[in-house]
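In case it helps, the UniProt record's numbering puts the sequence shown at residues 1 to 414.
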Amino acid sequence: VVFNKRLEPWHRARDQAVAEALEAAGCRVQALPANALYDPEDLQPIERWQRWRARVRAEEAEARGLRVDANVRSGIPKAFEHVSGFGSYRFFHHALEELGSPPQPCAAVQRLPRFPPAAGILSVALRDLGYGATSGRGFTSELRQQVSCRTANGSDWGAELCRAWNFGEAAAMARLQVFVDEVLATGDFEGRKRLRADHQGTSELSLHIRLGELSARTVYWAARKRRERTDQKLFEEPQHPGPARANATFLRRFVWRDLSYWFLSEFPTMPVTSLRVQYETQVWTGTQRQLAQWKKGCTGFPLVDAAMRQLWATGWMPNYLRHVVAQTLIEYLDITWKDGLNWFDWTLVDADVAINSFMWQNGGHSGPDQWEFVLHPVHAAKSCDPEGAYVRRWVPEVAGLPAEYVHRPWDAPP
Ligand SMILES: Cc1cc2nc3c(=O)[nH]c(=O)nc-3n(C[C@H](O)[C@H](O)[C@H](O)COP(=O)(O)OP(=O)(O)OC[C@H]3O[C@@H](n4cnc5c(N)ncnc54)[C@H](O)[C@@H]3O)c2cc1C
Numbered sequence: 001v002v003f004n005k006r007l008e009p010w011h012r013a014r015d016q017a018v019a020e021a022l023e024a025a026g027c028r029v030q031a032l033p034a035n036a037l038y039d040p041e042d043l044q045p046i047e048r049w050q051r052w053r054a055r056v057r058a059e060e061a062e063a064r065g066l067r068v069d070a071n072v073r074s075g076i077p078k079a080f081e082h083v084s085g086f087g088s089y090r091f092f093h094h095a096l097e098e099l100g101s102p103p104q105p106c107a108a109v110q111r112l113p114r115f116p117p118a119a120g121i122l123s124v125a126l127r128d129l130g131y132g133a134t135s136g137r138g139f140t141s142e143l144r145q146q147v148s149c150r151t152a153n154g155s156d157w158g159a160e161l162c163r164a165w166n167f168g169e170a171a172a173m174a175r176l177q178v179f180v181d182e183v184l185a186t187g188d189f190e191g192r193k194r195l196r197a198d199h200q201g202t203s204e205l206s207l208h209i210r211l212g213e214l215s216a217r218t219v220y221w222a223a224r225k226r227r228e229r230t231d232q233k234l235f236e237e238p239q240h241p242g243p244a245r246a247n248a249t250f251l252r253r254f255v256w257r258d259l260s261y262w263f264l265s266e267f268p269t270m271p272v273t274s275l276r277v278q279y280e281t282q283v284w285t286g287t288q289r290q291l292a293q294w295k296k297g298c299t300g301f302p303l304v305d306a307a308m309r310q311l312w313a314t315g316w317m318p319n320y321l322r323h324v325v326a327q328t329l330i331e332y333l334d335i336t337w338k339d340g341l342n343w344f345d346w347t348l349v350d351a352d353v354a355i356n357s358f359m360w361q362n363g364g365h366s367g368p369d370q371w372e373f374v375l376h377p378v379h380a381a382k383s384c385d386p387e388g389a390y391v392r393r394w395v396p397e398v399a400g401l402p403a404e405y406v407h408r409p410w411d412a413p414p
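This is how it looks when you write it as structure tokens:
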């Protein structure tokens, strides 16, 4: 039996129990960490970072003609050193350099052996296993009671989401191919075009990765093989060393995925409790009414409302807008990141407890890599929707306004 293991710490014990039961029944079992590049249990980034730091210090000292202890040169630190930037991308990236490239994805299964009819095992429908009714973290009973799965016009929310996406492995592979050929190949992802909300500038693969239709490794290697040269050691191909940048911005996202999963495995309470505990007592002054307006896309800021309506209609919104709406909730409405996390968990088709809680904690400043910027709900539109095409699509109330006023309708002449 070959299966993709769940990397959330609370599912590990279950996977382990299933594997042991199968082995006891005489099956050979192989579990793969398909949802990340590396298994969080193999990472040990703090120890690896310490060794990386010791080696860098030794190189610096040698360059200045100083004598260097042989242990330090081989990466054994003299003393346990304060990890600078713990939780940040750079800390993790340097730690991974020692591990080297993540393994390549396994080859696709061509043919499965026929199931022996004599085994007498009955097939069970997914529905009967209760997979339609998720018990994902954040789906509190209060939230379920508050939110109806019917949309405003009474239609079925799930059916609308299904219309917005092509599901399945074939659709996922097709999207990957288009993204690699038409976006990565142009180098557009490296520039600011990926921030645009008015056209498809990112891969839009998160749903497929979340549902297990594509593994993180498949996407990573498809992007990395496309253009091998990069200035970041971890992504470098030995046959093409050198400073040319290629797809590093995209590849970095997969390192973030692993960083989130590593944090979740170290801090399983990340979805519910501030990692910097002093933030647990923070007083928030935003009201339930403001929270409801944010959820419905009725804050009055067209960019925020467009993104929140897109989220409800399709279960997705671009990364840049996730930052904008998160900061509107936290910084301007003064509402706890936990409410934002719960809403995203409920509505996102790519809702991923590790990434979602890592990002919301950082947005709420209680996470390891606090956001040190605040995006303004009007000014942010300059980067992502300069002509207003995106807000016109989702907020018909402002569709008739010229670009100058479409993001600040309150300034429009009467
Ligand atoms: C507040 C907030 C909440 C988020 N919640 C989620 C979530 O629940 N699930 C989720 O998959 N992403 C989440 N993200 C990260 C990011 O917004 C989405 O992964 C991205 O928008 C998905 O679109 P894409 O596939 O086109 O991304 P691309 O930019 O094309 O990136 C490719 C892949 O890299 C991974 N990735 C991208 N950004 C990040 C990131 N910051 N951290 C970790 N992995 C990343 C995703 O798997 C994504 O599919 C969140 C971001 C914010 C700011």
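Beta carbons: idealized from backbone N, C-alpha and C, even for Gly.
When we look at the beta-carbon of residue i and count the other beta-carbons within 10 Å, is it buried (16 or more) or exposed?
i           : result
residue 381 : buried
residue 86  : exposed
residue 247 : buried
residue 199 : exposed
residue 11  : exposed
residue 4   : exposed
residue 387 : exposed
residue 168 : exposed
residue 448 : Look at the range of the chain in this structure, 1 to 414, and you will see that residue 448 is not part of it.
residue 343 : buried
residue 14  : exposed
residue 410 : exposed
residue 392 : buried
residue 373 : exposed
residue 90  : exposed
residue 70  : exposed
residue 303 : buried
residue 305 : buried
Can you name the start and end residues of the alpha helix (DSSP H) that residue i belongs to?
i           : result
residue 342 : 337–347
residue 31  : Run containing residue 31: none in the alpha helix (DSSP H); it sits in the beta strand (DSSP E), 30–32.
residue 355 : 353–363
residue 330 : First-last for residue 330: undefined, no H or E at that position.
residue 48  : 45–63
residue 12  : 9–24
residue 193 : Run containing residue 193: none; DSSP gives neither H nor E here.
residue 158 : 157–164
residue 125 : Segment: none, residue 125 is in no alpha helix (DSSP H) and carries neither H nor E.
residue 294 : 288–296
residue 91  : 89–99
residue 405 : 403–406
residue 384 : 381–384
To the nearest angstrom, how far is the alpha carbon of residue i from that of residue j?
i           : j           : result
residue 266 : residue 83  : 16 Å
residue 202 : residue 185 : 13 Å
residue 367 : residue 358 : 7 Å
residue 16  : residue 349 : 27 Å
residue 44  : residue 97  : 12 Å
residue 337 : residue 325 : 11 Å
residue 335 : residue 160 : 29 Å
residue 1   : residue 125 : 19 Å
residue 99  : residue 274 : 30 Å
residue 269 : residue 92  : 21 Å
residue 276 : residue 28  : 43 Å
residue 310 : residue 375 : 19 Å
residue 346 : residue 340 : 10 Å
residue 291 : residue 308 : 12 Å
residue 76  : residue 33  : 30 Å
residue 404 : residue 171 : 38 Å
residue 162 : residue 102 : 33 Å
residue 205 : residue 109 : 21 Å
residue 212 : residue 58  : 43 Å
residue 7   : residue 259 : 12 Å
Measuring alpha carbon to alpha carbon, tell me which residue in the options is nearest residue i.
i           : options            : result
residue 209 : 338, 158, 35, 53   : 35
residue 385 : 407, 376, 270      : 407
residue 94  : 373, 234, 303      : 234
residue 46  : 8, 30, 70, 88      : 88
residue 115 : 123, 109, 108      : 123
residue 106 : 221, 354, 379, 272 : 221
residue 192 : 377, 383, 254      : 383
Could you spell out the range, first to last residue, of the beta strand (DSSP E) harbouring residue i?
i         : result
residue 3 : 2–4
Any contact between the region 363–377 and the region 319–339? By contact I mean 3 or more CB pairs, one from each, below 8 Å. Verdict: yes, contact present.
Quick check: the region 40–51 against the region 246–265, are at least 3 beta-carbon pairs closer than 8 Å? Result yes; three or more Cβ-Cβ pairs closer than 8 Å.
Assess, as a yes-or-no matter, whether the region 21–28 is touched by the region 44–58 under the definition of 3 or more beta carbon pairs within less than 8 Å. Counting Cβ pairs under 8 Å, fewer than three are found: no touch.
Segment contact, 8 Å Cβ cut-off, at least three pairs: the region 310–324 with the region 397–414: Because the criterion of three Cβ pairs below 8 Å is not met, the region 310–324 and the region 397–414 do not touch.
Taking contact to mean at least 3 C-beta pairs separated by less than 8 Å, is the region 166–185 in contact with the region 297–315? The region 166–185 vs the region 297–315: no contact.
Given 8 Å, three or more beta-carbon pairs between the region 57–67 and the region 282–292: Judged by Cβ distances under 8 Å, the region 57–67 makes no contact with the region 282–292, as fewer than three pairs qualify.
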